[in-house]
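In my numbering, the protein residues as written are 35 to 276.
Take a look at the structure:
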């Protein structure tokens, strides 16, 4: 499965993807602000460096973004303008501004841009699915089945588990308790609903079985932890591709 990118998308004709209804744009911005949604900031016209940011404040005319701890990167954004890429309800969104100014919010250095009046909606799938590193697998414990399985890929609201042999599960079945720990120690707990079962060929031996689940009843803290981890994974992937 190809992982969707958090890098900016540059289109010759962005019009089919534009969201410019004021009510919808404002609702999306408010959602990012209230839920602490993370954004990747890039200098306009470039795919690096990347700044992990969030909306600090929003008023009728301005949007204030958390700045980089690296002043050199901040100066680059001030000169070139910026592109912000994020995930909203499992869909990739992007907005940009040529005008970027320094500001201070609660004694915190910020980047101020004019309040966006439009943004791009670039992806229709429910959420980003990123393959996890194979060297240090994350195990998900299914309490009802007394089994722990490695996670093959992960998104904001779903995951795929790898099994060597079929599990006694039916499509649509819900497991009430599943848990796993992210590398930073954050514990994720959720109910899982089975959405798909597919065979995944291996170079040697019989195929593995991938069980695709949707995560239910995630807490806000768990969602934030997942998003931080997914952004970190994408950042590492971008660095490897340089």
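Built from N, CA and C at the ideal position, the CB exists for glycine as well. Remember, predicted model here, so these are calculated numbers, not experimental data.
- Annotation for residue 105: the continuous alpha helix (DSSP H) segment containing it runs 105-114.
- With contacts defined by Cβ atoms closer than 8 Å, residue 52 and residue 154 form a contacting pair.
- For residue 198, same chain residues with a beta-carbon under 7 Å away, outside a window of 5 residues either side, are 242 in chain order.
- Pairing residue 203 with residue 259 gives a Cβ-Cβ distance that is not under 8 Å.
- Cβ contact annotation for residue 148 (same chain, cutoff 8 Å, sequence separation greater than five): 95, 96, 97, 131 and 133, in chain order.
- In the three-state DSSP reduction, residue 223 falls in the strand class (E or B).
- Taking the Cα positions, residue 151 is about 49 Å away from residue 179.
- When rounded, the separation of the alpha-carbon atoms in residue 246 and residue 230 is 5 Å.
- Residue 102 and residue 232 have their C-alpha atoms spaced approximately 42 Å apart.
- The beta carbon of residue 63 sits closer than 8 Å to those of 89, 92, 97, 149 and 150, all from its chain and outside the five residues before and after it, given in chain order.
- Taking C-alpha positions only, residue 225 is separated from residue 171 by approximately 21 Å.
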